[in-house]
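Q: For reference, each letter of the sequence shown is one residue, going 24 to 675 in my numbering.
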Amino acid sequence: MNTRSLHILLACCLSCIILLSCKNKTAPGNKLFELMEHTGIDFNNKVVDDSLENGFLYRNFYNGNGVAIADINNDGFADVFLTSNTGHNKLYLNKGNFTFEDISDKAGIIKDDKWNTGVVFADVNADGWLDIYVCSSGHMGTGARKNKLYINNGSNNVVNKAGVAEPVFTEQAAKYKLDISAYTTQVSFFDYDMDGDLDCFMINNSPIPINQLNFANKRDTPDSLWKIADFLKGGGDHLYRNDDGIFNEVTTQAGIHGGLISFGLGVSVTDINGDGWPDIFVSNDSYERDYLYINQRNGTYKDEMEQWFQHTSFSSMGADVADINNDGYPDLFTTDMLPLNDLRLKTTGSFDNISLFTEKIKSGFYYQYTKNCLQLNNRNGKFIDIARYSGVAATDWSWGALIFDMDNDGWNDLYVCNGINKDVTNLDFMDFFANNINQKMVMSGKKESVDKILKEIPINALPNKVYRNDKNLKFTDAGETWGLAQTTFSNGAAYGDLDNDGDLDLIVCNQNQPTFIYKNNGGQLNKNNYVGFSLKGKGKNHFAIGSKVQLFIGNEILTRELFPSRGFQSSVDYKMLFGLGKYTKIDSAIITWPDRTQYKMSAPQINKVHVLDEMLLQSTPEKIAATGPEMTVFSTVQSSFEKHTENDYVDF
């Protein structure tokens with residue numbers, strides 16, 4: 024073969040390779056979610072161990088940051104706030120078409136060295152403009168962790184040449200008695216006592232060393248009675264009642280657990296028992312069990328977790344509440360740290376032996392298992408965990424858990440944030456530390472550099488998990504097919520319709536990686552119908568937190584509850600969107616307002632967002648269904664038989 028023929032052959036081969044590459048390459052927009060670039064949101068939550076701040080000194084060092092989505096200047100576009108652990112928090116104004124402007128400085132967002140965690144948008148001062156509450160933790164040595172409340176200047180904001188208000192905020196947490204210094208993960212604003220204004224519920228994750236607790240059940244023991252260093256105090260759940268704009272703590276009298284053994288990571292508010300009053304679920308990390316506070320409708324709560332659940336996740340991380348089977352009842356999803364594959368299962372962490380497991384149960388820590396739990400509401404005062412049946416029990420080291428309709432087919436899907444900056448439970452590292460580093464320090468009498476030790480911990484990025492609802496209580500892993508399978512160290516996440524096209528976009532927080540901004544292409548790809556609701560409440564609850572919208576379509580009931588704090592350290596948009604799939608007509612919609620009055624719409628128009636003002640609508644009192652056990656085949660009768668007590672014997 025001559026030289027010219029060889030060149031022609033090589034050119035043909037190269038052309039074929041290029042053609043094949045082009046053919047195999049997925050063009051932007053061909054998957055349900057598209058990872059957007061050049062949006063103006065240039066944010067990276069960098070967390071690097073050093074001698075002063077590191078994973079040895081602060082147990083929650085790798086827990087990550089959060090994100091909030093909502094319209095802060097009432098221009099119809101959802102804006103974005105991102106917290107930072109070691110850098111500065113950022114506020115981004117939505118300019119439309121996935122273009123955002125960093126307005127942090129001119130909006131008055133303070134630059135400081137706080138270790139920021141959760142964030143939520145809420146109209147705290149009831150003026151019709153959303154404010155921002157930012158939670159802080161960490162900094163065990165300095166104690167610099169007061170939470171911040173940024174009050175929106177609202178109608179005093181400057182309107183630019185384009186006619187858009189440029190929001191400016193003033194930090195006023197102390198004025199409202201919300202400048203709390205603790206180890207706060209997240210807060211949720213809602214009206215717990217149904218008096219018309221927003222109260223504040225707070226979860227904290229104490230850094231107290233586990234070995235100091237000795238499995239003592241002290242969930243109701245206040246900080247002041249603990250014989251520990253002051254810098255370790257600041258855990259537990261807390262409830263703050265809104266009294267004419269001042270938030271006064273009512274934790275103890277309201278029946279809320281304020282003890283340091285509460286390692287709160289997720290808070291979900293919903294009406295669990297259908298009596299019209301908001302209840303609270305708290306997912307707790309480590310050995311403390313989860314809490315389910317049932318509203319007693321008299322200003323108090325009662326923890327009824329053991330009456331509602333057969334078991335819970337062991338290290339419960341993020342949590343979310345929504346209906347997964349369109350029966351009108353709320354279901355619950357919690358994430359844990361059960362690995363997906365055998366290699367990770369054998370090399371990261373271990374399970375309790377039977378003796379320790381039994382001892383925890385005797386001490387009041389209930390039945391907990393290392394696995395995600397998908398708790399199905401059986402509509403009779405109980406939840407049944409179907410996570411293994413549904414195929415969602417194991418997602419590795421997981422954080423944010425969100426339940427929302429990702430493909431607008433009318434059924435809620437599951438999204439899970441995955442990854443930990445350092446595999447701190449890696450068994451090889453634990454052996455290495457115990458046998459090499461620790462032994463060397465004992466023999467030499469010299470402390471090894473913390474930086475050097477931490478560099479030995481393995482680092483393994485993981486893909487976030489996405490599960491499509493198969494409409495039969497089972498889910499299919501759709502991460503790859505939907506364009507959401509990038510390997511990450513993800514923590515918080517939130518959804519909202521960022522481009523006002525009728526489907527839910529997604530923002531995911533990452534450690535030491537850029538924040539992910541995902542555009543939902545569902546409207547163009549699957550042509551599913553939708554309907555949305557933007558609610559305006561009356562009185563001091565302008566954004567109608569606590570409202571519920573139900574759509575009735577044939578035998579299905581599609582339900583959304585308006586409680587923005589969801590998942591992990593994050594807050595979702597206030598606009599409530601429903602995917603309808605191929606349905607072209609809604610039989611009716613019922614809007615239940617925070618004061619439990621209802622407004623009914625017959626056959627609301629689809630493919631539009633309905634803006635509803637409670638003050639302008641004729642609403643009627645809500646009809647509360649009688650609660651209690653349904654008729655069963657068998658009933659209990661009195662018996663003279665003596666109750667059997669099982670021998671305390673381990674079969675293993």
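Note that beta-carbon positions come from the ideal geometry of N, C-alpha and C, so glycine has one too.
1. Going straight from the alpha carbon of residue 429 to that of residue 141, what length do you get?
2. Buried or exposed: residue 519, going by 16 or more other Cβ atoms within 10 Å of its Cβ?
3. In its own chain, which residues sit with a C-beta less than 8 Å from the C-beta of residue 644, not counting the 5 before and 5 after it?
4. With a threshold of 16 other CB atoms inside 10 Å of the CB of residue 703, please say whether the residue is buried or exposed.
5. By alpha-carbon positions, which one of 259, 377 and 361 ends up nearest to residue 230?
6. Considering only the alpha carbon of each residue, which of 237, 298 and 201 lies closest to residue 174?
7. With a cut-off of 8 Å on the beta carbons, I'd call residue 444 and residue 70 a contact; round off their distance for me.
8. Inspect the beta-carbon positions of residue 614 and residue 570 and report whether they are closer than 8 Å.
9. With respect to the beta strand (DSSP E) encompassing residue 320, which residues constitute its N-terminal and C-terminal limits?
10. In chain order, what residues of the same chain have a beta carbon less than 8 Å from the beta carbon of residue 414, not counting five sequence neighbours either side?
11. On the criterion of 16 or more Cβ atoms from any shown chain inside 10 Å, does residue 517 qualify as buried, or is it exposed?
12. From residue 133 to residue 169, what distance separates their C-alpha atoms?
13. Check whether the Cβ atoms of residue 452 and residue 426 sit closer than 8 Å, and answer yes or no.
14. Measuring CA to CA, which of 227, 301, 338 and 333 is closest to residue 285?
15. Counting pairs of Cβ atoms below 8 Å between the stretch 344 to 359 and the stretch 392 to 412, do you hit three or more?
16. Where does the unbroken alpha helix (DSSP H) through residue 93 begin, and where does it stop?
17. Going by DSSP in three states, residue 330 sits in which element: helix, strand or coil?
18. Cβ atoms of residue 205 and residue 257: under 8 Å apart, would you say?
19. Specify whether the stretch 235 to 245 and the stretch 186 to 194 touch according to this definition: at least 3 beta carbon pairs, one from each stretch, less than 8 Å apart.
20. Going by beta carbon distance, what residues of the same chain come within less than 6 Å of residue 416, once the five residues before and after it are set aside?
21. Rounded to whole angstroms, what is the Cα-Cα separation between residue 345 and residue 179?
22. Ends of the alpha helix (DSSP H) at residue 380?
23. Between 81, 630 and 305, which has its C-alpha nearest residue 338's C-alpha?
24. With DSSP as the reference, label residue 10 as helix, strand or coil.
25. Give me, in chain order, the residues of the same chain whose beta-carbon lies closer than 6 Å to that of residue 79; leave out the 5 immediate sequence neighbours on both sides.
26. Please report the distance separating the alpha-carbon of residue 40 from that of residue 350.
27. Helix, strand or coil for residue 233 per DSSP?
28. Mind checking whether residue 119 and residue 100 have CB atoms under 8 Å apart?
29. In chain order, what residues of the same chain lie with their CB nearer than 8 Å to the CB of residue 294, ignoring the 5 residues before and after it?
30. State the CB to CB distance for the pair residue 288 and residue 208, rounded to an integer number of angstroms; the pair is presumed to be in contact (CB under 8 Å).
31. Can you give me the Cβ contacts of residue 129 inside the same chain, cut-off strictly under 8 Å, excluding the 5 residues immediately before and after it?
32. Between residue 598 and residue 555, which are expected to be in contact by the criterion C-beta below 8 Å, what is the C-beta distance as a whole number of angstroms?
33. Starting from the C-beta of residue 671, find all residues in its chain whose C-beta is less than 7 Å away, skip the five residues before and the five after it, and write them out in chain order.
34. Looking at residue 673: is its Cβ nearer than 8 Å to the Cβ of residue 378?
35. According to DSSP, is residue 429 helix, strand or coil?
36. Does the Cβ-Cβ distance between residue 56 and residue 145 come in under 8 Å?
A: Walking through what the data contain:
1. 23 Å
2. buried
3. 619, 620 and 621
4. This structure leaves residue 703 out entirely; the chain is present only between 24 and 675.
5. 259
6. 201
7. 6 Å
8. yes
9. Per DSSP, residue 320 belongs to no beta strand (DSSP E) and is neither H nor E.
10. 490, 497, 498, 499 and 500
11. buried
12. 13 Å
13. no
14. 227
15. yes
16. From DSSP, residue 93 is part of no alpha helix (DSSP H) but of the beta strand (DSSP E) over 90 to 93.
17. helix
18. yes
19. no
20. 394, 395 and 410
21. 37 Å
22. 377 to 385
23. 305
24. Any answer about residue 10 is impossible in this case: the structure gives the chain only from 24 up to 675.
25. 473
26. At residue 40, the pLDDT of 37 sits below 50, so the modelled position is not reliable and the matter cannot be decided from this model.
27. helix
28. yes
29. 300, 301, 302, 353, 571 and 584
30. 6 Å
31. 189 and 191
32. 6 Å
33. none
34. yes
35. coil
36. no
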